[in-house]
Structures are given as C-alpha cells and as structure tokens.
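Read the structure below first, then the notes.
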Amino acid sequence: MRRTLIPRDKRLPLEQLAPYLLSVSDPPTPFDFAAIFDNRQPVELEVGFGKGGFLLQSALSHPEVNYVGIELEKALVLYVATRLAKRGLRNARLIHGDARRVLPLYFPDACCQAVHVYFPDPWWKRRHKKRRLFQEDFVRHCERILQPGGQLLIASDVEEYFGVMTDLVRTQTRLQPAETPPAPTDPQWMTNFERKALQEGRSVFRAAYRKVAEEVSGQLISGQSAGNTSQSVPSASPAAGSAL
Ligand SMILES: C[S@@+](CC[C@H](N)C(=O)[O-])C[C@H]1O[C@@H](n2cnc3c(N)ncnc32)[C@H](O)[C@@H]1O
Numbered sequence: 005m006r007r008t009l010i011p012r013d014k015r016l017p018l019e020q021l022a023p024y025l026l027s028v029s030d031p032p033t034p035f036d037f038a039a040i041f042d043n044r045q046p047v048e049l050e051v052g053f054g055k056g057g058f059l060l061q062s063a064l065s066h067p068e069v070n071y072v073g074i075e076l077e078k079a080l081v082l083y084v085a086t087r088l089a090k091r092g093l094r095n096a097r098l099i100h101g102d103a104r105r106v107l108p109l110y111f112p113d114a115c116c117q118a119v120h121v122y123f124p125d126p127w128w129k130r131r132h133k134k135r136r137l138f139q140e141d142f143v144r145h146c147e148r149i150l151q152p153g154g155q156l157l158i159a160s161d162v163e164e165y166f167g168v169m170t171d172l173v174r175t176q177t178r179l180q181p182a183e184t185p186p187a188p189t190d191p192q193w194m195t196n197f198e199r200k201a202l203q204e205g206r207s208v209f210r211a212a213y214r215k216v217a218e219e220v221s222g223q224l225i226s227g228q229s230a231g232n233t234s235q236s237v238p239s240a241s242p243a244a245g246s247a248l
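For what it's worth, this note's numbering labels the leading residue of the sequence shown as 5, then goes sequentially.
Here it is, written out as structure tokens:
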C-alpha cells in the first residue's frame, strides 16, 4: 500500500493533537456532532483529505461550519492535526480510518450539510479496483448522511474513474445534479492533487449533487435510512489513536 512520508518533526506531540482527533468507539455508537463540537453548527465531511489543504482552508474561512475529515493514512492524520493545532482551529476534527467502514457505523442519517471527496485514489490495476473508495455502498451512505438540501461534491483528474463515480451516484442514489462550484483559482483552496494535476497540464473533472427532500403524504422526508443509526447517540470523546 502507498505510504506518504511525513517527517516526524512536522508534527506536534500526540497530547497536543488529541483535541483534534476523533476516536471510534467499540462497540460502535454514532457520533453526536453537537456534543463533539459543543455547538449546533452545520457539519461538512471531507473523505480522504490527504495533506489537508481544503479542510484547513475551509475551517479557517468558515468558522460558522464544523469540519470532519476521514483519512486512511495515520501519518497524514497527524500531519493535518498539527496544521489545525498550530492555528488553534477548533471547528475541525479528524478520524483515522477507512471511510467505507466509518460512515455506516458512526455517521447518523442526515448529519452533514456537505460531503467532499476530492481526487480519490484511482487504483489503476484491474485487480486493485476493489480498493476504490467509490463503490455502491459508499455513495449510498453519502446520500444517507446528507441533510435534505445537502450536497455531495466530487472531483478527479482521472476521466475513467470520474465516469465511474458519476455513474454510481446516478444509479445508486436519488441525489440530483447541482450547479458545480467553480474550480478554485487561489492555490490556497486547491488540494495537493489538484495543484499537481494543474501543474502537469491534466484536466480536472468535477461535479456536485444535491439531496432533494421527498414529499410523502403531505410530509417532507429526507430519503432512505440505513441501519444502525436508530441507536442512542452518546457523546464521542475526542481521543488519539484508534482507527478502523
Ligand atoms: C489521491 S489522494 C487525494 C488527497 C486529497 N484529497 C487531495 O486532493 O490532495 C487520496 C487520499 O484518500 C485517502 N483514502 C483512500 N481511501 C480511503 C478510504 N477508504 N477512507 C479514507 N481515506 C481514504 C488516501 O489515503 C489519500 O490520502
């Protein structure tokens, strides 16, 4: 598996990073984001935040929004937690884990106003394609955790994979195409992979989708519900370490 090397001197000691890390409980109990952030601000999720450029810039620019990131590589989680800690950004938390397992177990229905997935690994080799983040279950959980009106925002520099991503959203969810936000022109807002793609002259494909509330017998409902989310929702205490 690919590993990103982040020198140890680029990160603060774990005790200082703990307030920025969300651990997952065993047995699993869904996150209560109002308790975690100690406020009822809307929550946005970024899956696979890499070096954290987008997450950091978003948290800095929108203190009225809470940001949660999930990232598979621990070194990147600690590196980005260091970037958050150095700026004292308390409206962001990071989870070390596989989003394909974290979303079903820990994210309640309709808990996010946006889900961002930028430049997911394409896993080129045929035998590795099952490692791709975008699978049927993943897009269904993205839909489930969005509030009505909430958006899924995606980008890739791999046309074939982008086609797979958009086909999955179209066939597996009831999300509706939405106006795609303009590509960032300020490098501060670009993800690391976006910057690289542009430097190397590659095209970037992006799309946005909105969850539309459905009307059933005069009542507005927010779409499908997925198992496991009707449990009680205790507060999850921020802590370092555990991962899925
Ligand atoms: C190609 S990088 C893109 C990083 C960043 N979004 C960017 O645009 O610079 C993909 C990232 O997704 C992470 N990732 C891959 N599969 C994941 C999964 N199942 N759950 C969480 N993160 C994942 C990888 O570790 C990596 O950091």
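Glycine included, every Cβ here is placed at the ideal spot set by N, Cα and C.
Taking just the CA atoms, how far does residue 42 sit from residue 153?
-> 24 Å
For residue 42, verify whether its CB is less than 7 Å away from any heavy atom of ligand 1.
-> Because no heavy atom of ligand 1 lies under 7 Å away, the Cβ of residue 42 does not count as near it: no.
Kindly identify the DSSP beta-bridge partner or partners of residue 99.
-> 74
Taking Cβ to Cβ, would you say residue 10 is nearer than 8 Å to residue 26?
-> When the beta-carbon positions are compared, residue 10 and residue 26 stay at least 8 Å from each other.
Under 8 Å between C-beta atoms of residue 177 and residue 144 = yes
Just curious, the beta strand (DSSP E) that residue 210 is in, first and last residue?
-> 209 to 214
Three or more beta-carbon pairs under 8 Å between the stretch 190 to 209 and the stretch 161 to 170, yes or no?
-> yes
If you run the structure through DSSP and keep just helix, strand and coil, what is residue 240?
-> Its pLDDT being 30, under 50, residue 240 is placed unreliably by the model, and the measurement read from it follows with that caveat. Three-state DSSP puts residue 240 in coil, outside helix and strand.
Can you tell which of 216, 171 and 100 has the C-alpha that lies nearest to the C-alpha of residue 150?
-> 216
Would you kindly check if the distance between the Cβ of residue 95 and the Cβ of residue 122 is under 8 Å?
-> no
So what's residue 217 in DSSP terms, helix, strand or just coil?
-> coil
Return yes when the C-beta of residue 196 is under 7 Å from any heavy atom of ligand 1, and no when it is not.
-> yes
Cβ neighbour criterion (16 or more within 10 Å) applied to residue 135 | exposed
Round the Cβ separation of residue 57 and residue 189 to the nearest angstrom and send it over; I've been treating them as touching at under 8 Å.
-> Actually they are not in contact, since the Cβ atoms of residue 57 and residue 189 sit about 14 Å apart, beyond 8 Å.
Best match in 30, 15, 167 and 179 for proximity to residue 146 [C-alpha to C-alpha] = Selected option, being the one with the closest Cα: 179.
Is it true that the CB of residue 24 sits closer than 8 Å to the CB of residue 88?
-> yes
heavy atom of ligand 1 below 7 Å from residue 161 C-beta | no
Minimum Cβ-Cβ distance from residue 78 to chain C less than 8 Å | No chain C appears in this structure, which consists of one protein chain only.
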